[in-house]
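Have a look at the structure below, then the notes.
Number of protein chains: 4
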Amino acid sequence: MIKVGIVGGTGYTGVELLRLLAVHPDVELTAITSRKEDGLPVADMFPSLRGRVNIAFSSPDKADLSKCDVVFFATPHGVAMAQAPELLKAGVKVIDLAADFRIKDKAVFEKWYKIDHTCPELLEEAAYGLAELNRDNIKNARLVANPGCYPTTMQLGYYPLLKNALVDAGSLIADCKSGVSGAGRKAEIATLFSESSDNFKAYGVAGHRHTPETSAQLQKFTADKVGLIFTPHLVPMIRGMHSTLYARLTKEISNEDLQKLFEDQYKDSAFVDVMPFGSHPETRSTRGSNMLRLALHRPDNGNTVIVLVVQDNLVKGASGQAVQCMNLMFGLEETTGLTQIALLP
Amino acid sequence: MIKVGIVGGTGYTGVELLRLLAVHPDVELTAITSRKEDGLPVADMFPSLRGRVNIAFSSPDKADLSKCDVVFFATPHGVAMAQAPELLKAGVKVIDLAADFRIKDKAVFEKWYKIDHTCPELLEEAAYGLAELNRDNIKNARLVANPGCYPTTMQLGYYPLLKNALVDAGSLIADCKSGVSGAGRKAEIATLFSESSDNFKAYGVAGHRHTPETSAQLQKFTADKVGLIFTPHLVPMIRGMHSTLYARLTKEISNEDLQKLFEDQYKDSAFVDVMPFGSHPETRSTRGSNMLRLALHRPDNGNTVIVLVVQDNLVKGASGQAVQCMNLMFGLEETTGLTQIALLP
Amino acid sequence: MIKVGIVGGTGYTGVELLRLLAVHPDVELTAITSRKEDGLPVADMFPSLRGRVNIAFSSPDKADLSKCDVVFFATPHGVAMAQAPELLKAGVKVIDLAADFRIKDKAVFEKWYKIDHTCPELLEEAAYGLAELNRDNIKNARLVANPGCYPTTMQLGYYPLLKNALVDAGSLIADCKSGVSGAGRKAEIATLFSESSDNFKAYGVAGHRHTPETSAQLQKFTADKVGLIFTPHLVPMIRGMHSTLYARLTKEISNEDLQKLFEDQYKDSAFVDVMPFGSHPETRSTRGSNMLRLALHRPDNGNTVIVLVVQDNLVKGASGQAVQCMNLMFGLEETTGLTQIALLP
Amino acid sequence: MIKVGIVGGTGYTGVELLRLLAVHPDVELTAITSRKEDGLPVADMFPSLRGRVNIAFSSPDKADLSKCDVVFFATPHGVAMAQAPELLKAGVKVIDLAADFRIKDKAVFEKWYKIDHTCPELLEEAAYGLAELNRDNIKNARLVANPGCYPTTMQLGYYPLLKNALVDAGSLIADCKSGVSGAGRKAEIATLFSESSDNFKAYGVAGHRHTPETSAQLQKFTADKVGLIFTPHLVPMIRGMHSTLYARLTKEISNEDLQKLFEDQYKDSAFVDVMPFGSHPETRSTRGSNMLRLALHRPDNGNTVIVLVVQDNLVKGASGQAVQCMNLMFGLEETTGLTQIALLP
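Protein sequences appear in the order of chains P, B, C and R.
Heads up: the first sequence at position 113 corresponds to 113 in my numbering, and the numbers run straight through without jumps.
Heads up: the second sequence at position 57 corresponds to 402 in my numbering, and the numbers run straight through without jumps.
Heads up: the third sequence at position 285 corresponds to 975 in my numbering, and the numbers run straight through without jumps.
Heads up: the fourth sequence at position 320 corresponds to 1355 in my numbering, and the numbers run straight through without jumps.
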């Protein structure tokens, strides 16, 4: 059994990790920390876990995380970088669900996250945890940077197009929509039910932290200079993410070949479902599951290709993806413990 | 024109007052205070008011409320009692949307609201602002205690039954449901979209502040001892309140006579709509309007009568009712500025 | 492996059966019928099942259900009674999720469901599928009548009180609230998003088919005459059911003893969670899981006891409960394939 | 008083017309037709109108629409073209909320709407009812084609850019999102609460009827060939529309000048609110009102300009816009009866 610790288990990615790990056949939940909730049984905060998760939160100083085999950080940005070095030294693997190790360029990180990076020496080592495109690195990693939710959809949607040099890398437009849980479990007016229900809006159009992360990763897929417009929107739903990706074709290619390109790319990826050409994937078809679904469109058979991508932002977009990485890091089947079927309706 | 001031305009009852008063033909919005938002144009916080409300928040010390004809308190409990005496002395009428003057018994107030009452001398004078049952008092009042949202539905629903001694006053059960806006515009986890959407629960079953207010008012309608079980629930909708009121008939009465009793009682009340016997009123039929609708049921023609009552908790349950009181206090038609039709769908 | 057939798989209880059975370790999905969708792969209608359920709908005449070990009827009322006799004769067990075999009294059934009962001879034999109260009968049954969703909550909530003769059986009031999926997957205006979102209403107050079912079952628990007022309401959420059950205590009993009564009653029932006295269970704590949670309240320590009960109407209230019965009928652990943790948030 | 008739008042644009016209100071509601609901009081179908609209539906043959001054068609496509000629002959003005007269090119209309156009002779005469860009034509029109909801946002958002030849007209991308009421009040599975709540998806990406309408109108603003990619999405909210419009700048222009261009363009348009540069308009800021709000963005000060546009699809996107046209056609102030403030929260 893999001994698992979770730092910061009171947020949505934390409780989602607990939901997944509690039924994972190879995991033993060993410790979950929260400075504020020390001593509180986890199931008292999240009644969905009553009878299923029997440990209590403990303050970071009491929890001996160095006895774990792996520690997940479901924390705000900045926490993992402070604790990772010591854990790694103790032989503990680390998976960070925040952004601390996602961006290799220290300066870019510090510009966007407004904090100093305190262990830049680990930036190079950290494996970027997008299994579908980086499986081998993850398998051998001690430290994994779990991708952002939006970046996951953009990378998996654009990869086959960029890799095969089919589109103008300089004029990508990603119009993305997320459910409200993406904003986290924080007491804030903007995400109150009465503020975000029956409402729709864009946010962060002037600049969102997922832009530099995505651009840097997309740049790896192509020799051309990547130019990405990324526009996030808030949808009045709890879970779910829908990215509408636009790209301009620069080469002749039939729709059949386009479709085949995607199907071939992801034929061995259990969690990427390439739907029939012209389909309209729904976010709810992934609710609670680790599946990402995508479908291709080409209006009027013109030179614009549209990739529609959906996922559950808390599963494939966060905690499910982290468990997927853990499976790889410990030599398990990639799908172990991640076979939940989406909840529909 | 009536010069109107609002204390505490950053909450939901505040912005709802602004929506109603901005189109009220006899009102001039003079001042709106907020300690925290001094100088901020109201329309910057509530873009729905852009081009319609052109004043800015001002800090309480700058706003000269004594020049107003009437001041609404859309504040947490305790604020109105601190400022009302001075305003009244200056000849300004006061309408409190909070609970400071709703409960005549100082000890009961202090037990439930956990604060000292600092001007008990005004408790007796304050008119209880339920126009349908207390119209004359309100007309002559300097100080009005606007009723709570739940208590409004319970009083208007139970009144004809208690007044006519038709039911057992000692075994009333009110199973009530409210939209989330009733919790106010406060940064709290429990009312986040991701917490309260797609969810339903009871709350405060052990004791809710609207119980003593309602019991005291209901007691005025009957010589028998009132016994009330009040169970509030939270509904994943923004606005709307639905009270399902149960009472045991103690006298023979036909359904036709029951229905007639309610129709006669409210025939001159523009904002109470007695629907046909056996109807199912929907909260949305009152969304954004000052209407309260109710309908009677009697399962199997037995001895239980059910009154279904709906209203918009922010309008008839709060700000609309307050404007209705203002109209009466200033000799206007009771319906002035309150003829908005509900938004359906 | 148990060979399973499903009749009528295009509704919500049908797709929910598929979600549960597709991961059930002892089940082989053999046939799923739909007259209208003959030949359509199930996953084309429900994309959440893509890659997980690979069979197609077949018309009833083509599907050889007699080769199944058990057949679930996820159909409108009246279908199971037409096909059950033949299947039973062929040695196939039958679980009906509709009402055909829930009510033992043919006349009562026909009055409420407005159809003739065509195989009254099976009414007596059919086991009522509420495992917590009828486990032994179910184990030995060939034919199970799966309980209605509302009746499940009312029976499990009232049972310990009635069984122990603690309350007035003649004045029970059940104020119940259901998510919209309870209305099924039918093209109807009343359950459109634009009609039922941001709205709350009661329905069927004059008489609901779950009243006679529940009354007949409750009557088994007590020698006194049961009198039940049941008021259903529609909540703008997809899944979830919340019953607020009122009863009048007729005996002295401490809150501790009340609580203990419930805990003892359900200590061996894996799917009933008795929460601490005074808790407020949330429907979302059961979303997607087969758990039913309940909590006791006693306002002012008076003579009214309130039982708050929540469940997922499609799982414990329908398909999960049916699988639970199947497990018992085939000698499996009752919880097999039913250990999904609720999706929160 | 203007005598108004409505054909087809049982849908969402119909009830919205009723909400607006019932409080319009210059209107007398004369007739409302429905073949199916002949004799039913309007308020029995829409309880929000109880006490406010006292007429009943009448079958088309009974209603003498020729006595009206103006008739609104809130009907499916094809109805207005059948009845408009006769009404116009009788001197009645006609406003069609459907698409019958939106597209001047008969062949294009017939291709997209799959019906023959039966009065092509009126196509040229019909004024396109987008007051902000076509005010004079509307004032003098007998027949108005009320614009589609999506096209309203796209035209008002792109107009200043195209008119001033600032952007590449051939590569416009409009990523648009609509509330569910846009699908109408029809019994269909896809728009059930349980299907469209807590869900997000694109639809009609391969081709939507609003594309040819919009392209034809946009083409009027520029000499360059318009190329428009239009991608509609369904948002789990009742009302509201958000269009995210992308265009590539082809000329140097400062953000200040861009902003000024829009402000100048709409300074006399009471229903277009140009928000500060970089704002994020919310759909709810227009809920129930005839306002359309827009804001400009320019990521990284690059060559992509984004226009965010919001409106209530049933008001400015349909019935409010129709009343706005009526006001112009009868020489009234354009804003008469249309000054409702948006319902927020």
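Glycine included, C-beta positions come from ideal geometry on N, C-alpha and C.
Check: L1280(R) to T244(P), Cα distance in whole Å?; Outcome: 13 Å
Check: For T881(C), go through chain R and note every residue whose CB falls closer than 8 Å to its CB, in chain order.; Outcome: L1227, F1228 and S1229
Check: Three Cβ pairs or more, each shorter than 8 Å: is that satisfied between the segment 669-686 of chain B and the segment 485-494 of chain B?; Outcome: yes
Check: Would you list, in sequence order, the uninterrupted beta strand (DSSP E) runs of no fewer than 3 residues that lie entirely inside the segment 151-215 of chain P?; Outcome: 172-179
Check: Mind checking if F1297(R) is an interface residue toward chain P, Cβ cutoff 8 Å exclusive?; Outcome: no
Check: Just how far apart, CA to CA, sit V1307(R) and L537(B)?; Outcome: 32 Å
Check: Residue ranges of each alpha helix (DSSP H) run of no fewer than 4 residues wholly in the segment 110-157 of chain P, ordered along the chain?; Outcome: 131-139
Check: List, in order along the chain, the chain P residues whose C-beta lies closer than 9 Å to that of T1318(R)?; Outcome: D198, N199, F200 and K201
Check: DSSP three-state call for S393(B): helix, strand or coil?; Outcome: helix
Check: Suppose the cutoff is 7 Å on Cβ atoms and the five residues either side in sequence are ignored; what does the same chain contact list for K1286(R) look like?; Outcome: L1201
Check: What is the residue span of the alpha helix (DSSP H) that K260(P) lies within?; Outcome: N255 to Q265
Check: I need the boundaries of the beta strand (DSSP E) containing P641(B), first residue and last residue.; Outcome: Just to set this straight, residue 641(B) is Leu in the shown sequence, not Pro. Here the beta strand (DSSP E) through L641(B) covers L637 to H642.
Check: Helix or strand or just coil, what does DSSP make of K348(B)?; Outcome: strand
Check: Helix, strand or coil for L249(P), going by three-state DSSP, please let me know.; Outcome: strand
Check: Kindly indicate which residue of N945(C), I996(C) and F952(C) has the alpha-carbon position closest to the one of H970(C).; Outcome: I996(C)
Check: Considering just the uninterrupted stretch of the beta strand (DSSP E) at K438(B), what are its terminal residues?; Outcome: K438 to D441
Check: DSSP state of V79(P), grouped into three classes?; Outcome: helix
Check: Hey, does A551(B) have any beta-carbon neighbour from chain A nearer than 8 Å?; Outcome: Absent here is chain A; the protein component of the structure consists of chains P, B, C and R.
Check: Does the beta carbon of M1116(R) come closer than 8 Å to any beta carbon on chain P?; Outcome: no
Check: Which of the residues in the segment 487-519 of chain B, read from start to end, lie with their CB under 7 Å from any CB of chain R?; Outcome: none
Check: Just checking, does the segment 79-87 of chain P make contact with the segment 119-133 of chain P on the three C-beta pairs under 8 Å criterion?; Outcome: yes
Check: Counting only C-beta atoms, is S871(C) closer than 8 Å to chain P at any point?; Outcome: yes
Check: Nearest chain R C-beta to A877(C) closer than 8 Å, yes or no?; Outcome: yes
Check: If you reduce the DSSP assignment to three classes, tell me which class S664(B) lands in.; Outcome: helix
Check: Closest Cβ-Cβ distance between V360(B) and chain R: below 8 Å?; Outcome: yes
Check: Are the CB atoms of S58(P) and A31(P) nearer to each other than 8 Å?; Outcome: yes
Check: Name the DSSP beta bridge partners of Q1001(C), please?; Outcome: M931(C) and L982(C)
Check: So what's L1028(C) in DSSP terms, helix, strand or just coil?; Outcome: coil
Check: Give the interface partners of I238(P) over in chain B, defined as CB-CB distance under 8 Å, in chain order.; Outcome: F538, S539, S542 and D543
Check: What's the C-alpha gap between L343(P) and L719(C)?; Outcome: 19 Å
Check: Compute the Euclidean distance between the alpha carbons of N485(B) and K412(B), then round it to the nearest angstrom.; Outcome: 20 Å
Check: I need the DSSP call for S66(P), collapsed to helix, strand or coil.; Outcome: helix
Check: Rounded to the nearest angstrom, what separates K1141(R) and P1186(R) at their Cα positions?; Outcome: 19 Å
Check: Examine the ligand FMN and report whether any of its heavy atoms sits within less than 7 Å of the Cβ of L998(C).; Outcome: In the structure shown, the ligand FMN is absent, as is every other ligand, since no ligand is present at all.
Check: Beta-carbon of D963(C) versus every beta-carbon of chain P: anything under 8 Å?; Outcome: yes
Check: Comparing alpha-carbon positions, which option in L296(P), P232(P), F221(P) and H242(P) lies nearest L133(P)?; Outcome: F221(P)
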